[in-house]
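Protein chains in written order, with our numbering: chain A, 71 to 341; chain B, 1276 to 1565.
Working notes, beginning with the structure itself.
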């Protein structure tokens, strides 16, 4: 039955990579890497909330992430503390609070490592349902707000002056990030989710001329990372989540090197 | 009614496209605008000048409806379409973007419309270039093109000449005047460049958190508050070009003389102005053709 769990892991990983690519592009373009990381940290609190309320963990994570994002928007209106300070406070408070709350459940044995770094080989049918259901929802939502979100990313005031409903689009985007974080948990875990959003997008940048090209290439880079990472993990018996991230990192380094060589090659014949 | 409206009324008959009156804005406890008003009518270029931190961009945001004033009113003509060119827009190199994709935000436009509007701003060759590869002048033309795609009744341009070299500033300013004439739209323009402002606009509003003075360029340039803000030199330079207010060329001459800092006597000055002006005029035409 080795085949079965490996296929499920692959299916889950590919699903996450396909959603994380385009969404990760926006996280890179909007310089929200730390924001994504903070939301991911709050996921542990979401799991605790899920257990507390007796709802599905994925829903709990989405709820916690959305609540954190809204809280941040509110707190940003005060001007004493900068956004990155607020994010740092929330990220680590969320993580710590999650751990504390979880410790109250007696007799509950949780595998903390699998939450922190993912456990892709334990992906089951329900997880796949969440990944593909949530993933399709997230991609459809992103397609819907693609153009206005791009306009806001370039210049918020210009977009607003042109009639884009800025607040609604931004809230929708935060909701999409929350969904993607929730469904990626199982694959790479809390601590590594941001890497799956950011590294494929950064890998794609050098080869893209339009935002849409970059999104598609980020999907491709994510898919390659998942395939290489999982088979590498099987081959050398390494932890699967971190292996996927290492594969993504290697692809990024390769792309960077290729980009550098290409630029140098493009410059030299001219001289 | 705005306190300055009498001054502006002289240049206009039609009802204003947008009118702000008695506007007060406080940001972070600091008063940014106090009892400020202005009006822009169809076909009119109104320039907003003032030192850094005088609240120019804040007033622009109020006029655009992006910022709600604490007090005062902003009245837009019903159904008014506004084209906006924001100040210091910079596109992060991490975002791959062609001019075509930029112009198709936030709404898609057909190929013909894109080519036509780029031809109108004299930059039809940039359609498929990456925005990061554009020169300062090309970038501003692209922004103007996006504003024009909305078929605006009112153009709001926040420092449209910033980041553009001298020759480029002149042809860009001429372009704005041409667009205004061809389309008959009103223009509200924030500018640092007193010379161009004074030469080519119908009304000037001089702002320093309150309205220092407003009205026709000639009148504003003699106003004591204007002189206090920009110094007597500004008035001298203005005197130079009011001599030839009806000449397009003189506009460039005045600027170039300002650039080397020399304040020269009238006749020489004007002569030099014509030389430079002709040169740039030719440049402008050739760039339109290419």
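All C-beta atoms in this analysis are idealised placements derived from N, C-alpha and C, irrespective of residue type, glycine included.
None of these values were measured; they are calculated from a predicted model.
| Asked | Found |
| --- | --- |
| Spatially closest choice to residue 1430/B from 1359/B, 1502/B and 1317/B, by CA coordinates | 1359/B |
| CA-to-CA distance, residue 137/A to residue 330/A, given in whole angstroms | 42 Å |
| Counted within 10 angstroms of its Cβ, other Cβ atoms place residue 268/A as buried (16 or more) or exposed | buried |
| Cβ-based neighbour list, residue 1417/B, same chain, cut-off 6 Å, excluding 5 preceding and 5 following | 1374 |
| Contact set for residue 1438/B: own chain, Cβ-Cβ below 6 Å, skip 5 residues either direction | 1411 |
| Test: residue 225/A CB closer than 7 Å to a CB of chain B | yes |
| is_contact[residue 1369/B, chain A] using C-beta, thresh 7 Å | yes |
| Cβ contact check for the stretch 1476 to 1487 of chain B and the stretch 1300 to 1315 of chain B: 3 or more pairs under 8 Å | yes |
| For residue 159/A, the first and last residue of its enclosing beta strand (DSSP E) | Element bounds for residue 159/A: not the beta strand (DSSP E) but the alpha helix (DSSP H), 153 to 174. |
| Short Cβ contact (7 Å threshold) for residue 1298/B with residue 1340/B | no |
| is_contact[residue 1277/B, chain A] using C-beta, thresh 7 Å | Note that residue 1277/B scores a pLDDT of 41, beneath 50, so its modelled location is shaky and nothing firm can be said. |
| Stretch pair the stretch 315 to 333 of chain A + the stretch 261 to 281 of chain A: three plus CB contacts closer than 8 Å | yes |
| Beta carbon proximity, residue 273/A to chain B, threshold 7 Å | no |
| Contact with chain B by residue 289/A, beta-carbon distance below 7 Å | no |
| Exposure label - residue 306/A; buried when at least 16 CB within 10 Å | exposed |
| At least 3 beta-carbon pairs within less than 8 Å: the stretch 112 to 132 of chain A vs the stretch 286 to 304 of chain A | no |
| Among 1357/B, 1496/B, 1468/B and 1476/B, the one whose alpha carbon lies nearest that of residue 1326/B | 1468/B |
| Per-residue contacts from residue 1372/B into chain A (C-beta, under 9 Å) | 220, 224, 279, 280 and 281 |
| Pairwise C-alpha distance: residue 1474/B and residue 286/A | 50 Å |
| Contact list for the stretch 1338 to 1370 of chain B against chain A, Cβ threshold 8 Å | 1339, 1340, 1341, 1357, 1359, 1361, 1364, 1366, 1367, 1369 and 1370 |
| Distance CB(residue 134/A)-CB(residue 106/A) smaller than 7 Å | no |
| Inside the stretch 1481 to 1506 of chain B only - alpha helix (DSSP H) runs reaching at least 4 residues | 1492 to 1496 and 1499 to 1505 |
| Residue 1301/B versus residue 1336/B - alpha carbon distance | 13 Å |
| Beta-carbon proximity check, residue 1362/B vs residue 1413/B, cutoff 7 Å | no |
| Cβ-Cβ separation, residue 1329/B to residue 1482/B (assumed contact under 8 Å), whole Å | 5 Å |
| Residue ranges of each beta strand (DSSP E) within the stretch 1393 to 1473 of chain B, 3 or longer | 1429 to 1433 and 1461 to 1465 |
| Sequence-distant residues of its chain with Cβ nearer than 6 Å to residue 128/A (five each side left out) | 200 and 252 |
| When 265/A, 226/A, 73/A and 94/A are compared against residue 312/A, the one with the closest alpha-carbon | 265/A |
| Given residue 185/A as reference, the closest of 258/A, 224/A and 101/A once Cα atoms are compared | 258/A |
| Beta-carbon gap between residue 1323/B and residue 1461/B smaller than 7 Å | no |
| Residue 335/A versus residue 187/A: straight-line alpha-carbon distance, rounded | 40 Å |
| Cβ-based burial, residue 1353/B [other Cβ within 10 Å; buried from 16] | exposed |
| Residue 204/A (DSSP reduced to helix, strand or coil) | helix |
| Cβ pair count under 8 Å reaching 3, the stretch 87 to 102 of chain A against the stretch 142 to 158 of chain A | no |
| Proximal residues to residue 159/A (C-beta, below 6 Å), its chain only, five neighbours per side dropped | none |
| Contacts that residue 1387/B makes with chain A (C-beta to C-beta distance below 8 Å) | Here the premise fails: no neighbours, minimum Cβ distance about 20 Å. |
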